[in-house]
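Data block below; observations after.
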């Protein structure tokens, strides 16, 4: 696994998983025989191994690799040079394309038939930017190393795409929202843990970690550890990793919504939001923010960002503390490691309590 929440765990992937990988390529990525396909994910992590190597080859479709550093210039250059029509990757890469500005995107606008995103939730601002400046709808998908991709917004189906929603179950999987303690399946609008009903998911292949206990297999369910909500239309929206959700003054706050609001500000490249221990509120919302080069980290800008979030979210959800940083901790696959920042804040709070 990628180590998003702690040490990486070894996953055994059986041969029959290839059938599930192929299904995702057909029914979510929408890969066609005449596509020029490029999954920009590193083949050393699951999304690259499963869906840049195995999935396309299982369909008999060529796949593209680029052996060089990721830049907006090199990405747009390859799309134009090779005539890429179907692109897949992680939100981190797409946010960097957005940060590079619309001028670079002009040369490839309208060339991409399908764009897929996986690894962490896709911020609404990225979806809007791709539609405006690249002329394409970018579709958010959800999965794990243990599962492959199991939720998607389908390219070939006519359905509304809700910002922040990872979509619908990939055929072959029954995805539900359950109470973590009772395993009761929960109704629309009630936060719970995303789970796979193993008894009714013929494409589910995970059998446990290699030489490690597997607490996520409970009864008929695989528990993902991610907090989600079921929507009226049957799609599922991501709230956050269960240990990423912030508890402040009795409210439960998902970091994704706060991060998405911050990214809408013109000064912000990317951000990570965590709960900072607080004696009065249990936790307060703290944001670590990476700025675009043209902006200086000042108290005035921090206050502007706080007001920006308050205007878009509930009053309790804005970041009471903002720290400007040069970079955010990430896994080799580009996923945010909020637990590192959260542990740093806990350590500071414990040290302050002792002093």
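Numbering (the working numbering), first residue to last: 7 to 361.
For glycine and all other residues, C-beta sits at the position ideal for the given N, C-alpha and C.
- Below 8 Å, can you find three or more Cβ-Cβ pairs linking the stretch 32 to 41 to the stretch 54 to 74? Contact between the stretch 32 to 41 and the stretch 54 to 74 is present, because at least three Cβ pairs lie under 8 Å.
- Thinking just about the alpha-carbon of each residue, which of 209, 236, 211 and 219 is nearest to the one in residue 200? Measuring from the Cα of residue 200, the nearest candidate turns out to be 236.
- Simplified DSSP state of residue 360, which is helix, strand or coil: In the structure shown, residue 360 sits in a helix (DSSP, three-state: H, G or I).
- Task: Pair every Cβ in the stretch 255 to 263 with every Cβ in the stretch 200 to 220, then say whether three or more of these pairs are closer than 8 Å.
- Result: The stretch 255 to 263 is not in contact with the stretch 200 to 220.
- Query: By a C-beta neighbour count over all protein chains shown, 10 Å radius and 16 as the cutoff for buried, is residue 184 buried or exposed?
  - Reply: Of the other Cβ atoms in all chains shown, 16 or more fall within 10 Å of the Cβ of residue 184; this residue is therefore buried.
- Query: Thinking C-beta only, is residue 341 closer than 9 Å to residue 81?
  - Reply: Result no, Cβ atoms of residue 81 and residue 341 do not sit closer than 9 Å.
- Query: If you follow the beta strand (DSSP E) that residue 148 is part of, which residue opens it and which one closes it?
  - Reply: Taken as a continuous stretch (DSSP letters only), the beta strand (DSSP E) holding residue 148 covers 144 to 150.
- Among 61, 90 and 101, the one whose alpha carbon lies nearest that of residue 78: When the alpha-carbon of residue 78 is set against those of 61, 90 and 101, the nearest one is in 101.
- Item | Alpha carbon of residue 168 to alpha carbon of residue 357, nearest angstrom | Roughly 43 Å between the two C-alpha positions.
- Message: Check whether the stretch 266 to 274 and the stretch 214 to 222 touch, using three or more Cβ-Cβ pairs below 8 Å as the test.
- Response: No, the stretch 266 to 274 is not in contact with the stretch 214 to 222.
- Given residue 157 as reference, the closest of 27, 46, 282 and 348 once Cα atoms are compared: Comparing Cα positions, the closest option is 27.
- Report the residue ranges of all alpha helix (DSSP H) runs contained in full by the stretch 78 to 130; include only those spanning at least 4 residues, in chain order. The stretch 78 to 130 contains these whole alpha helix (DSSP H) runs: 78 to 88, 97 to 105 and 108 to 111.
- Message: Just to confirm the assignment: which complete beta strand (DSSP E) runs, minimum length 3, are found wholly within the stretch 38 to 81?
- Response: Those beta strand (DSSP E) runs which fall completely within the stretch 38 to 81 and span 3+ residues are 43 to 45.
- Query: By the 10 Å Cβ neighbour count, where 16 or more other Cβ atoms means buried, how is residue 253 classified, buried or exposed?
  - Reply: Its Cβ having fewer than 16 others within 10 Å, residue 253 is exposed.
- Could you spell out where the beta strand (DSSP E) holding residue 247 opens and where it closes? Going by DSSP, residue 247 is part of the beta strand (DSSP E) stretching over 242 to 247.
- Assigned exposure category for residue 196 - 16 Cβ within 10 Å defines buried: Exposed.
- Message: Can you list, in chain order, the residues of its chain with a C-beta nearer than 7 Å to that of residue 24? Leave out the 5 residues immediately preceding and following it.
- Response: Closer than 7 Å at the Cβ level, and outside the excluded window around residue 24, lie 60 and 64.
- Item | alpha helix (DSSP H) segment containing residue 285, residue limits | First-last for residue 285: undefined, no H or E at that position.
- Item | C-alpha gap between residue 130 and residue 117, whole angstroms | About 21 Å.
- Task: Tell me, please, which residues DSSP counts as bridged to residue 184.
- Result: Among the bridge pairs identified by DSSP, residue 184 is matched with 191 and 199.
- Item | Sequence-distant residues of its chain with Cβ nearer than 6 Å to residue 367 (five each side left out) | The structure shown has nothing for residue 367, since the chain only spans 7 to 361.
- Rounded separation between residue 331 and residue 295 - CA only: Straight-line Cα distance between these residues: approximately 6 Å.
- Is it true that the stretch 233 to 248 meets the stretch 170 to 183, where meeting means three or more beta-carbon pairs spaced less than 8 Å apart? As far as the Cβ criterion goes, the stretch 233 to 248 touches the stretch 170 to 183, which means the pair count is three or higher.
- Message: For the alpha helix (DSSP H) containing residue 27, name the first residue and the last one.
- Response: Segment 23 to 30, the alpha helix (DSSP H) holding residue 27.
- Item | residue 175 versus residue 47 - alpha carbon distance | For the pair residue 175 and residue 47, the Cα-to-Cα distance works out to about 22 Å.
- Look at the alpha carbon of residue 154 and the alpha carbon of residue 52, and state the distance between them as a whole number of angstroms. A direct Cα-to-Cα measurement between residue 154 and residue 52 gives close to 8 Å.
- Task: Just mark residue 216 as buried or exposed, buried being the case when its beta carbon has 16 or more other beta carbons within 10 Å.
- Result: In summary, residue 216 is exposed, with fewer than 16 beta-carbon neighbours lying within 10 Å of its beta-carbon over all protein chains present.
- Query: Nearest-angstrom Cα distance between residue 114 and residue 142?
  - Reply: Roughly 11 Å between the two C-alpha positions.
- Task: Would you mind stating whether residue 105 and residue 276 have Cβ atoms separated by less than 9 Å?
- Result: Remark: C-beta atoms of residue 105 and residue 276 approach each other more closely than 9 Å.
- Message: Give me, in chain order, the residues of the same chain whose beta-carbon lies closer than 6 Å to that of residue 316; leave out the 5 immediate sequence neighbours on both sides.
- Response: If we look at residue 316 and ignore the five residues flanking it on each side, its Cβ neighbours are 324.
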